[in-house]
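If you use the numbering used here, the sequence shown corresponds to residues 28 to 425, in order. In this text, a Cβ means the ideal position worked out from N, Cα and C, and glycines have one as well.
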Amino acid sequence: MKNFTISDIILSQPYEGGEKTSFQIPLLAPYITETESDYVQECIRKGWITTVGEFIEIFEQKIKTYTQSSYVVAVSSGTAALHLALRAIGVERDTLVILPNISFVASANAIHYCGAEPFFIDIHPATWQLDENLLLKFLEKECFYTKEQTFHKASQRRISALVLVHNLGNLGNISAIQEICQAYQIPFVEDAAEALGSFYEGKHAGTFGKIGILSFNGNKIVSTGGGGAVLTNDENISKKVRHWANQAKINSEEYYHDEIGYNYRLPNPLAAIGVAQMEKISLFLEKKRLIHEFYTNILQGKALWQNTLPKVEPNHWLFTALFENSTLLAQKFKESAIQTRKLWYPLNRLPMHQKCEYMQENDFSWKIYEKSLSLPSSVGLQMEDLEKIAKVLESVES
Ligand SMILES: *Cc1c(COP(=O)(O)O)cnc(C)c1O
28 MKNFTISDII
38 LSQPYEGGEK
48 TSFQIPLLAP
58 YITETESDYV
68 QECIRKGWIT
78 TVGEFIEIFE
88 QKIKTYTQSS
98 YVVAVSSGTA
108 ALHLALRAIG
118 VERDTLVILP
128 NISFVASANA
138 IHYCGAEPFF
148 IDIHPATWQL
158 DENLLLKFLE
168 KECFYTKEQT
178 FHKASQRRIS
188 ALVLVHNLGN
198 LGNISAIQEI
208 CQAYQIPFVE
218 DAAEALGSFY
228 EGKHAGTFGK
238 IGILSFNGNK
248 IVSTGGGGAV
258 LTNDENISKK
268 VRHWANQAKI
278 NSEEYYHDEI
288 GYNYRLPNPL
298 AAIGVAQMEK
308 ISLFLEKKRL
318 IHEFYTNILQ
328 GKALWQNTLP
338 KVEPNHWLFT
348 ALFENSTLLA
358 QKFKESAIQT
368 RKLWYPLNRL
378 PMHQKCEYMQ
388 ENDFSWKIYE
398 KSLSLPSSVG
408 LQMEDLEKIA
418 KVLESVES
């Protein structure tokens, strides 16, 4: 096994140039080395290419050690992990699940898979995370509390959960939200899909409530190509989640299944990639921090970006800033074959959410979305890439 150092990451291109895109500089490409290749080849050589194999357990163990979560179940995607997590904490049909209005659509989709409906709440203008003041206002004014459960007055629906998304790997005021959820007996699931390597008061994202999830999709900080994990401090939940992910199979000889399950297991070769990636996570984080520093230095006084609260140590997954003329700037990047994109489209404006409610006072979701531009943040970015990007950014007026 090769021991990587930060200079390897800064000076070398990823193995075989990484993922092919039509852009010279992609937004977020996975950083793959020979180690990933060796481990996958080991799976193939030994014939362990299915969802049984030793890398799965090693990968789960690595995530467990890194996040200090009591239990970790590796699954086929972050979306699958979120679906299982919501089911595990009792999200039922026709209930409401609170969700920040800015998140990747998968957070809302998993709620729909449970037959529940998302209730959107606007984000905080500084942190771009669920606004805890609006949340409290919503619960105090628009809900009633009875028999240890909270109901939405207008629809008479039970609030069965809150999905706490950690947008761009940064974290909001977790302790305030924890307190509010506690007071209203609303269980929360942390969607830490983007937040591997982020900490709040020294505690890893995804470990604050009973249950949280991670994603190892192609663009995430650690990628298995596709994959996810459920983090929980509850042994029963971990057993249930593992059971459901494996078609709720009780006995492999008789094919007896005691519940409705899913085919959500992670294949061994993907876990093998994950193991090789986890060996480099501290270097990935260091490089992301350097990229963040590079951008904030050149954009000081020219643009705004997500604030980081004092208790938070973020992973700097994807640098995103607000520009007065983001559309024009995006066009300039495109002409230079540099990939950029806006934040997630506000969820309340998507066609399948036309009937869902959205609590807001200033619609910061839309205001931030409109001005936002995410800039290339791949671990494999080279100095010459950053110089090309800086050149385009020079055209931004202060
Ligand atoms: C990536 C992501 C997901 C989904 O993860 P997949 O592994 O792509 O299914 C869910 N929520 C958020 C916030 C994400 O960024």
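Does the beta-carbon of residue i, which I'm using as the reference point, lie nearer than 6 angstroms to any heavy atom of ligand 1?
i      : result
Val257 : no
Ala219 : no
Asn342 : no
Phe131 : yes
Gly407 : no
Val190 : no
Asn244 : yes
Gly105 : yes
Ser134 : yes
Taking the CB atoms as reference points, tell me whether residue i and residue j lie closer together than 7 angstroms.
i      : j      : result
Val423 : Lys361 : no
Gly229 : Phe243 : no
Pro145 : Ala135 : yes
Ala107 : Leu293 : no
Ile240 : Leu109 : yes
Leu402 : Phe346 : yes
Lys418 : Ser399 : no
Trp225 : Ile318 : The sequence shown places Ser at residue 225, rather than the Trp named in the question. Not a contact, by the Cβ cut-off of 7 angstroms.
Ser103 : Tyr396 : no
Ile90  : Ala256 : yes
Val99  : Leu198 : no
Glu84  : Ala303 : no
Ala272 : His284 : no
Ala364 : Phe82  : no
Ile287 : Ala112 : no
Leu258 : Arg184 : no
Pro53  : Gln358 : no
Val118 : Ala143 : yes
Tyr58  : Val406 : yes
Tyr227 : Ile201 : yes
Trp393 : Ile129 : no
Phe50  : Gly301 : no
Pro214 : Ala181 : no
Assuming residue i and residue j make a contact with CB atoms under 8 angstroms, what is their CB distance in whole Å?
i      : j      : result
Trp75  : Leu195 : Not really, about 36 angstroms apart at Cβ, beyond 8 angstroms.
Phe321 : Leu413 : 6 angstroms
Ala222 : Asn342 : 6 angstroms
Leu162 : Ile125 : 7 angstroms
Gln387 : Asp149 : 4 angstroms
Asn295 : Gly80  : 3 angstroms
Phe5   : Cys383 : Residue 5 cannot be examined here, being either before or after the span of the chain that is shown, 28 to 425.
Val192 : Leu157 : 7 angstroms
Ala348 : Leu331 : 7 angstroms
Does residue i come within less than 7 angstroms of chain D when only Cβ atoms are used?
i      : result
Ser363 : No chain D is part of this structure, which consists of one protein chain only.
*Can you give, in chain order, each stretch of the beta strand (DSSP E) that sits fully within the stretch 218-250 and has at least 3 residues?*
238-242
*asked:* Between the stretch 305-321 and the stretch 236-248, can you find at least three pairs of beta-carbon atoms closer than 8 angstroms?
replied: yes
*Would you say the stretch 227-234 touches the stretch 77-95, given that touching needs at least three Cβ pairs under 8 angstroms?*
yes
*Can you give, in chain order, each stretch of the alpha helix (DSSP H) that sits fully within the stretch 108-147 and has at least 4 residues?*
Along the stretch 108-147, the alpha helix (DSSP H) occurs as fully enclosed runs of 4 or more residues at 133-140, listed in sequence order.
*Using 8 angstroms as the Cβ pair cut-off and three pairs as the minimum, do the stretch 205-217 and the stretch 148-167 touch?*
yes
*So, do the stretch 148-162 and the stretch 257-266 have three or more beta carbon pairs nearer to each other than 8 angstroms?*
no
*Tell me the start and end of each unbroken alpha helix (DSSP H) in the stretch 333-399 that is at least 4 residues and wholly inside, in chain order.*
353-362, 391-398
*If we count Cβ pairs, one from each stretch, closer than 8 angstroms, do we get three or more for the stretch 350-358 versus the stretch 215-222?*
no
*Residue ranges of each alpha helix (DSSP H) within the stretch 66-112, 4 or longer*: 81-94
*Counting pairs of Cβ atoms below 8 angstroms between the stretch 68-82 and the stretch 316-330, do you hit three or more?*
Contact between the stretch 68-82 and the stretch 316-330 is absent: fewer than 3 CB-CB pairs across the two stretches fall below 8 angstroms.
*Along the chain, which unbroken stretches of the alpha helix (DSSP H) at least 4 residues long are found entirely within the stretch 189-223?*
Counting only runs of 4 or more, we get 201-210.
*asked:* Report the start-end ranges of each alpha helix (DSSP H) in the stretch 256-300 that is 4 residues or longer and not cut off at the edges.
replied: With a minimum length of 4 residues, the continuous alpha helix (DSSP H) runs that stay inside the stretch 256-300 are 262-272.
*Counting only runs that start and end within the stretch 150-194, where is the beta strand (DSSP E) found for 3 or more residues in a row?*
170-173, 176-179, 186-192
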